[in-house]
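K.L.:
Chains as they are written, first to last, in full-length UniProt numbering: chain L, 1 to 492; chain C, 1 to 492.
Attaching a single structure in structure tokens format; questions to follow.
Number of protein chains: 2
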Amino acid sequence: MPISIETFFLDADAEGTLQARIQQMVAQGILAGRFSRGERLPSSRRMADHLGVSRITVTLAYTELVADDYLSSKGRSGYFVSENAPEPPAFPAQQASKSTVDWARAIAHKHAPAFVMERPADWASYKYPFIYGQTDPTLFDNANWRLCAMQALGKRDFNAMTSDYYDRDDPKLIEFIARQILPRRGILANPQEILVTMGAQNALWLTAQVLLNARRRATIEDPSYPALRTILTHSSCQLSAVAVDKDGLPPADIPDGTDVVFTTPSHQCPTAATMPLHRRKALLKKAEDDNFLIVEDDYEFEMSFLKAPSPSLKSLDQNGRVIYVGSFSKSLFPGLRLGYLVGPAPFIREARALRASVLRHPPGQMQRTVAYYLSLGHYDALVRRMSRAYKERRIVIDQAIIDHGLTVAGRGTFGGSSIWMQAAPHINTNDLAAQLRTKGVLIEPGAAFFSGDDPPQNFFRIAYSSIAASRIADGIRLIAEALKAMEARPKS
Amino acid sequence: MPISIETFFLDADAEGTLQARIQQMVAQGILAGRFSRGERLPSSRRMADHLGVSRITVTLAYTELVADDYLSSKGRSGYFVSENAPEPPAFPAQQASKSTVDWARAIAHKHAPAFVMERPADWASYKYPFIYGQTDPTLFDNANWRLCAMQALGKRDFNAMTSDYYDRDDPKLIEFIARQILPRRGILANPQEILVTMGAQNALWLTAQVLLNARRRATIEDPSYPALRTILTHSSCQLSAVAVDKDGLPPADIPDGTDVVFTTPSHQCPTAATMPLHRRKALLKKAEDDNFLIVEDDYEFEMSFLKAPSPSLKSLDQNGRVIYVGSFSKSLFPGLRLGYLVGPAPFIREARALRASVLRHPPGQMQRTVAYYLSLGHYDALVRRMSRAYKERRIVIDQAIIDHGLTVAGRGTFGGSSIWMQAAPHINTNDLAAQLRTKGVLIEPGAAFFSGDDPPQNFFRIAYSSIAASRIADGIRLIAEALKAMEARPKS
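The structure is reproduced here in structure tokens:
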């Protein structure tokens, strides 16, 4: 029985080549049970006329479908749904009609926050995206990334891509992290001291799980990375927050009884302050005197384009007290979800066992692609290209901030990708962000960075990592105008 | 100053094209500080002679290095290390000389097991790999996987690949799971009821964290998946194990006070038993009567080549009590690390928040690649190809087991990819596995699957998912010979 030509139509919104869309249309029809085994498809000529495409495109799509055994070709009689084509399920799909479960009771551990920061998925369509931590398509080296991915997808790397590594990592990636990245931070480490993680987020989470429990005390910076505070809150440890100054975390303020200190010495998050060498040494001395461990989140160390980067805390550590967190999210892209932990072997062994239980390992295909990208030198070329662009944008944004009289609360003297801003005390930057969004400007309200129940509402962060230099001045002007209008109104 | 030609050599063991290896050799020398800015490289002709490669290969490598700003070209004067080339770190790399940390105290939660099952990373080099859960390169459709990866790596999908999704997933993958995979299991679900996970391992881990605590009781099958037992032990819940029979988990034996039951109805792990429909209904009724939840690990449902698959528990669930775990590890490859959870929205919301805190999201590039692979019908074609091969191998292995008089302890009547075997009571299959390994045969000892302190030592699992049909008979013969030799010896 021939399938009616009328049942075929190409979705105008679908993506992919015409050939791929035709393949998809036919395969979907078979999988959904609309076309049955043995039914004849319209000839390639009729189908081409009907869809308004070339006949060769239809023929190529049919040929592919034959190769995949969706269709069979019977010479001049045409194409038929294959006798081996998949059958749709015999039992009807159905949704649970009701629920007899008391979910408020059934959930043993609550993790969902009462309030979630709104993060537009379509940030790239905004004209002035002062958004933090996303990748700028004009800077990323997609061509070489694709080439490295192709290499990692090759037959030669089949095992590296497909294998269940259990608790292991790609030895090639470990080698290039040890050889090429860590030496630039003054760190020598062997493979037993390195663990690949699902980004810095996962590295911080693993570290908190291994080192903390209800009897241990963690000390964080205030303000600090909101996701870290969430991680530590879930770990149910005791938690202290120490206010940072223009040099980052002051070691003298770390409270007695602290077991683990989380710090961001390269670029304090979110103030971007860089901790000076004398303070780094004082922090290490205090760690030894008070017997605490230090978790060094060295994010964005690569983006040090105004001065040469300081040596990492880890490189100054004589006593094995520093656990180092690195990430490819800022230097490559966050959707990669790759970072790494460097620490003493007994710690890494525990973090590795926990990671294996939680997720086994980051995908081999991603690990191998990054290994190639590093080994061929593309990574370093990319970091230099990004640094040059950020430096240019930084000059523009610094000037625009002066021109419009905005107040900077913190800004990296070494580099970074963002500036920490302060509005008048009565301004709520959540309202500011909502207003600006309607004008195509994205900024990040600052309250979530602070510890305590009554965080200041008048801070915000603007990043220059995803906005073209030519757009910056106009964007800053719009921020200044919105602030001026809000300041003129009395507090509601 | 020219760089001496003698400092260049190609590592004979290195991988990649000649051109890539030359690029890597030069980039590494610059990054390690051996070649400094402004130094002249040997001419392409001299380098080609020295390395024994064609001149055009060297020229292409140099051109790439110029594009990445490692080298600069000065016309007829040749190639020089660029003035913008990266500088090696100024501070010397060093390793912590000693440790003053008491790691036995510093580690708050221990996860590393005392004993780790040895899993050879080089399993593919064994002649008789009856290994479970790895991908057979002769069955996997690498060409189409590469094409889908290429599409996901394209400019059009740049945001899907690179973006930080925070707690979201690729909407395209969610759509194809909902439209194309779940209907075949009789399940209708909307996007709020689906979460992408890092494989089934991560899905089970997230579920345990959300549903269990020290006051809750989980019931598992005995024997069962060892990694699940590890997850539940770490969750510090109360844990019961119920012995399975030839139809899987007997609902009547589930102890009172159970909050969550973990079960593998499609192919019980490791016995491969399929739970009959009447027992599925009895299990659901008991869940309603006793007010417990069911976690259905539906791994390998695709590998149902002997009979049509049974409807999933989830599809029979009228009361919203079943949480469904699916995985692409067996149908695509385990190194992909992609699976999914399907459950009531309140549960998925918590699992999503926890996943965001632990790792944010599985990499966008992997999610999008699978979405294309599904949408173009390659996934279904692959599953059919695998099913045909497994069916052929199953016939061979069943016959070989009869021919050599081995004892089957459990074998799927629907399909699956492994057979659960039993040796004489005094045989230790850890010893058996070690002996067989020296003969190129890989099997999996069975003790780790059992609950309790004194697990039986005489079970083992043999899989036919990664071994060619032509090798099976010989491999089974070697197992039988080793068993016979061990049985002849008195217990040591």
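Beta carbons are placed, not taken as given, at the ideal position from N, Cα and C, and that holds for glycine.
Computed from a prediction, not measured in an experiment: that's the story for all the values here.
Going along chain L in order, which residues have a C-beta closer than 8 Å to the C-beta of Y165/C?
P.N.:
The answer, in chain order, is A121, G335.
K.L.:
Is P86/C closer than 7 Å to D474/L when the C-beta atoms are compared?
P.N.:
No, the Cβ-Cβ distance between D474/L and P86/C is not below 7 Å.
K.L.:
Between which two residues does the alpha helix (DSSP H) carrying E64/C extend?
P.N.:
That run of the alpha helix (DSSP H) goes 55-67.
K.L.:
Could you have a look at residue 493/L and say whether DSSP puts it in helix, strand or coil?
P.N.:
For residue 493/L there is no data in the structure shown, the boundaries of chain L being 1 and 492.
K.L.:
Write down the C-beta distance between Y299/C and A200/C rounded to the nearest angstrom, noting that I regard them as a contact closer than 8 Å.
P.N.:
Contact flag correct, Cβ pair sits at about 6 Å.
K.L.:
At a Cβ threshold of 7 Å, is R280/C touching chain L?
P.N.:
Chain L, which has no Cβ nearer than 7 Å to the Cβ of R280/C, makes this no.
K.L.:
Excluding sequence positions up to five away, which residues of its chain have a Cβ less than 7 Å from the Cβ of D170/L?
P.N.:
Closer than 7 Å at Cβ, skipping near neighbours: A160, G364, Q367, R368, A371.
K.L.:
Quick one: grab the DSSP three-state call for T219/L.
P.N.:
Reduced to three states, the DSSP call for T219/L is strand.
K.L.:
Check whether chain C comes within 7 Å of R489/L, counting only Cβ atoms and requiring the distance to be less than that.
P.N.:
So, not an interface residue.
K.L.:
Which value, in whole angstroms, describes the spacing of the CA atoms of A448/L and R388/C?
P.N.:
Taking the straight line joining both Cα atoms gives about 55 Å.
K.L.:
Is it buried or exposed, K155/L, if we count other Cβ atoms within 10 angstroms and call 16 or more buried?
P.N.:
Counting Cβ neighbours within 10 Å, K155/L comes out exposed, since fewer than 16 surround it.
K.L.:
Look at the alpha carbon of K281/C and the alpha carbon of I231/C, and state the distance between them as a whole number of angstroms.
P.N.:
One C-alpha to the other measures close to 27 Å.
K.L.:
What does the Cβ neighbour count give for A96/C, buried or exposed, with the cut at 16 atoms within 10 Å?
P.N.:
Note on A96/C: pLDDT 49, under 50, position unreliable in the model; no value is reported.
K.L.:
Where V242/L and F262/L are concerned, what is the direct C-alpha to C-alpha distance, given to the nearest angstrom?
P.N.:
For V242/L and F262/L, the distance between alpha carbons rounds to 11 Å.
K.L.:
Just to confirm my understanding: we take C240/L, look at its own chain, exclude 5 residues before and 5 after, and list those with CB closer than 6 Å. What are they?
P.N.:
Checking the displayed sequence, the identity of residue 240/L turns out to be Ser instead of Cys. Taken in chain order, the residues that qualify are T219, P255.
K.L.:
Taking the alpha helix (DSSP H) that S44/L falls in, what are its first and last residues?
P.N.:
Run containing S44/L: 44-51, per the alpha helix (DSSP H) assignment.
K.L.:
Would you say R216/L reaches chain C, if we count a Cβ-Cβ gap shorter than 7 Å as a contact?
P.N.:
True, the Cβ-Cβ gap to chain C drops below 7 Å.
K.L.:
Are residue 528/L and F305/L touching if we call contact CB-CB under 7 Å?
P.N.:
The structure shown does not extend to residue 528/L, since chain L is modelled only from 1 to 492, so the question has no answer here.
K.L.:
Taking the alpha carbon of F460/L as the reference point, which residue from A433/L, T438/L, A468/L, A469/L has its own alpha carbon closest?
P.N.:
The shortest C-alpha separation from F460/L is found at A433/L.
K.L.:
If I follow the unbroken beta strand (DSSP E) through W123/L, where does it start and stop?
P.N.:
Looking at the DSSP string, W123/L is not in any beta strand (DSSP E), and its letter there is neither H nor E.
K.L.:
Assuming the contact rule is C-beta atoms closer than 8 Å, A480/C and G405/C should be a hit. Round their C-beta distance to whole Å, please.
P.N.:
About 7 Å separates the two Cβ atoms, so the contact holds.
K.L.:
Decide if F35/L is buried, meaning its Cβ has at least 16 other Cβ atoms within 10 Å, or exposed.
P.N.:
With 16 or more other Cβ atoms within 10 Å, it is buried.
K.L.:
Measuring CA to CA, which of F158/C, N142/C, C148/C, S266/C is closest to T135/L?
P.N.:
Of F158/C, N142/C, C148/C, S266/C, the residue nearest in Cα terms is F158/C.
K.L.:
Candidates A351/C, I467/C, F414/C: which alpha carbon is nearest D167/C's?
P.N.:
That would be A351/C, whose Cα lies nearest to the Cα of D167/C.
K.L.:
Grouping DSSP H, G and I as helix and E and B as strand, with all else coil, what is L239/L?
P.N.:
DSSP places L239/L in strand when its eight states are reduced to three.
K.L.:
What are the start and end residues of the alpha helix (DSSP H) that includes D290/C?
P.N.:
It spans 277-290 - the alpha helix (DSSP H) in which D290/C sits, taken as one unbroken run.
K.L.:
With a threshold of 7 Å on Cβ separation, who are the neighbours of P226/C within its own chain once the five nearest residues in sequence on each side are excluded?
P.N.:
The answer, listed in chain order, is A448, F449.
K.L.:
Indicate the three-state DSSP secondary structure (helix, strand or coil) for E481/L in the structure shown.
P.N.:
If DSSP states are grouped into helix, strand and coil, E481/L belongs with the helices.
K.L.:
Which residues of chain L have a Cβ atom closer than 8 Å to the Cβ of W205/C, listed in chain order?
P.N.:
In chain order: S357, V358, L359.
K.L.:
Taking the alpha carbon of E39/L as the reference point, which residue from I3/L, E221/L, R489/L has its own alpha carbon closest?
P.N.:
Ranking I3/L, E221/L, R489/L by Cα distance to E39/L puts I3/L first.
K.L.:
Using 10 angstroms around the beta-carbon of H278/L, count the other beta-carbons present and answer buried if the total reaches 16, otherwise exposed.
P.N.:
Counting Cβ neighbours within 10 Å, H278/L comes out exposed, since fewer than 16 surround it.
K.L.:
Does the beta-carbon distance from G416/C to A272/C come in below 7 Å?
P.N.:
Against a cut-off of 7 Å, the Cβ pair of A272/C and G416/C comes out as a contact.
K.L.:
Along the alpha helix (DSSP H) that carries F333/L, what are the first and last residues, could you check?
P.N.:
Premise fails: F333/L is in no alpha helix (DSSP H) and is neither H nor E.
K.L.:
Name the chain C residues whose beta carbon is nearer than 7 Å to that of S387/L?
P.N.:
Chain C residues near S387/L: none, gap ~10 Å exceeds 7 Å.
K.L.:
Drop a sphere of 10 angstroms on the beta-carbon of F328/C, count the other beta-carbons inside from all chains shown, and report buried for 16 or more, exposed for fewer.
P.N.:
So F328/C ends up on the buried side.
K.L.:
Mind checking who V81/L pairs with in its DSSP beta bridge?
P.N.:
The partner list for V81/L (beta bridge, DSSP) reads L71/L.
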